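A.B. asks:
In structure tokens, the structure reads:
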């Protein structure tokens, strides 16, 4: 029996074959990026690349799929190791910083998911995907609110380095955003449609974003 037996019953064999061969680059292996990568790998995707040069800290453990024994190691490498052991998916782990000089070599393929936690990196991703006509989905969090926005209507929040580590964040908002992001990706592959969404946790609201 396949690891993805239940998913296959829900998605159909034809779509599962598409997901398996569909290349995606995930920018960031933090609360959103790591969980998105895990969710995609456990949904049948096998052509995944995750880009993050940060190392795991103890404060990451409640919202990110790492263990206490992982603290101090590179997020991308640990994530790739965990998922290979879990479902046999070989994820490409990149521990280099994404910069204007490296973006062309790092971001190739059919789809980019931007889960970075700062506006400078998000801006690099947006500009590159605009220039290269690469489909790109941006996922971001702020306290009780989250957005999942396709590149065509996305606006970078600011033009400064705003990577702030000490901010309120509920795990349930992370996981809700991850689920909607991954379902948006799968629906895009199946239908080529690009709906964007806003999410608020307190009222459990998921709304189309126009």
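Residue numbers (this note's numbering): 6 to 215. Virtual Cβ for every residue (Gly too), placed ideally from N, Cα, C. Just so you know, these numbers come straight off a predicted model, no measurement behind them.
1) Let me check one thing: in DSSP terms, what residues is residue 152 bridge-paired to?
2) Near residue 133, which residues of its chain fall below 6 Å by C-beta distance, leaving aside the five closest residues on each side in sequence?
3) Does DSSP classify residue 23 as helix, strand or coil?
4) In or out: residue 11 buried (at least 16 other Cβ within 10 Å) or exposed?
5) If I measure Cβ to Cβ from residue 54 and keep anything under 6 Å in the same chain, skipping five residues before and after, which residues do I get?
6) Determine the DSSP secondary structure at residue 60, reduced to helix, strand or coil.
7) List the endpoints of the continuous alpha helix (DSSP H) containing residue 52.
8) Please report the distance separating the alpha-carbon of residue 5 from that of residue 27.
9) Report buried or exposed for residue 42, applying the criterion of at least 16 other Cβ atoms within 10 angstroms of its Cβ.
10) Counting pairs of beta carbons, one from the stretch 195 to 209 and one from the stretch 147 to 156, are three or more of them closer than 8 Å?
11) Report the rounded CA-to-CA distance for residue 136 versus residue 198, giving the unit in angstroms.
12) So, with DSSP's three-state summary, where would you put residue 66?
13) Please state whether DSSP places residue 13 in a helix, a strand or coil.
14) Can residue 32 and residue 88 be called in contact, C-beta distance under 9 Å?
15) What are the boundary residues of the alpha helix (DSSP H) that includes residue 98?
16) My output table needs one value for residue 194: the three-state DSSP class, helix, strand or coil.
17) Please state whether DSSP places residue 158 in a helix, a strand or coil.
18) Does any CB atom of chain D fall closer than 9 Å to the CB of residue 135?
19) First and last residue of the alpha helix (DSSP H) that includes residue 125?
20) Who are the near neighbours of residue 25 in its chain, counting only those whose CB is closer than 6 Å to its CB and skipping five residues on each side?
C.D. replies: Based on what the coordinates show:
1) Mapped onto the chain shown, residue 152 falls at position 147. Paired residue(s): 145, 203.
2) Taking the chain shown and counting its residues from 1, the one referred to as residue 133 is at position 128. Counting only Cβ-Cβ distances below 6 Å, and skipping sequence neighbours, we find 108, 112.
3) Indexing the chain shown from 1 puts residue 23 at position 18. Residue state, collapsed to three classes: helix.
4) Here residue 11 corresponds to residue number 6 of the chain shown, with the count starting at 1. Exposed, by the Cβ-count rule.
5) Numbered from 1 along the chain shown, position 49 holds the residue referred to as residue 54. These residues qualify, in order along the chain: 30, 97.
6) For the purposes of this step, residue 60 is taken as the residue at position 55 of the chain shown. It is a strand residue.
7) Here residue 52 corresponds to residue number 47 of the chain shown, with the count starting at 1. Per DSSP, residue 52 belongs to no alpha helix (DSSP H) and is neither H nor E.
8) Missing from the structure shown is residue 5; the chain here goes from 6 to 215 and no further.
9) Within the chain shown, residue 42 is the residue found at index 37, counting from 1. It is buried - the Cβ of residue 42 has at least 16 other Cβ atoms within 10 Å.
10) yes
11) In the chain shown, residue 136 corresponds to position 131, counting from 1. In the chain shown, residue 198 corresponds to position 193, counting from 1. Taking the straight line joining both Cα atoms gives about 21 Å.
12) Taking the chain shown and counting its residues from 1, one reaches residue 66 at position 61. Residue state, collapsed to three classes: coil.
13) For this step, residue 13 is matched to residue 8 along the chain shown. Residue 13: helix per DSSP, three-state reduction.
14) Looking up residue 32 in the chain shown gives position 27. Looking up residue 88 in the chain shown gives position 83. In this structure, residue 88 does not lie closer than 9 Å to residue 32 by Cβ.
15) Working through the chain shown from its first residue, we reach residue 98 at position 93. Premise fails: residue 98 lies in the beta strand (DSSP E), 97 to 99, not in any alpha helix (DSSP H).
16) Position 189 of the chain shown holds residue 194. It is helical.
17) Locating residue 158 in the chain shown gives position 153, counting from the first residue. Helix, per DSSP.
18) The chain labelled as chain D is not found in the depicted structure, where only one protein chain is given.
19) Taking the first residue of the chain shown as 1, we reach residue 125 at position 120. From DSSP, the alpha helix (DSSP H) with residue 125 extends over 124 to 137.
20) Indexing the chain shown from 1 puts residue 25 at position 20. Counting only Cβ-Cβ distances below 6 Å, and skipping sequence neighbours, we find 49, 51.
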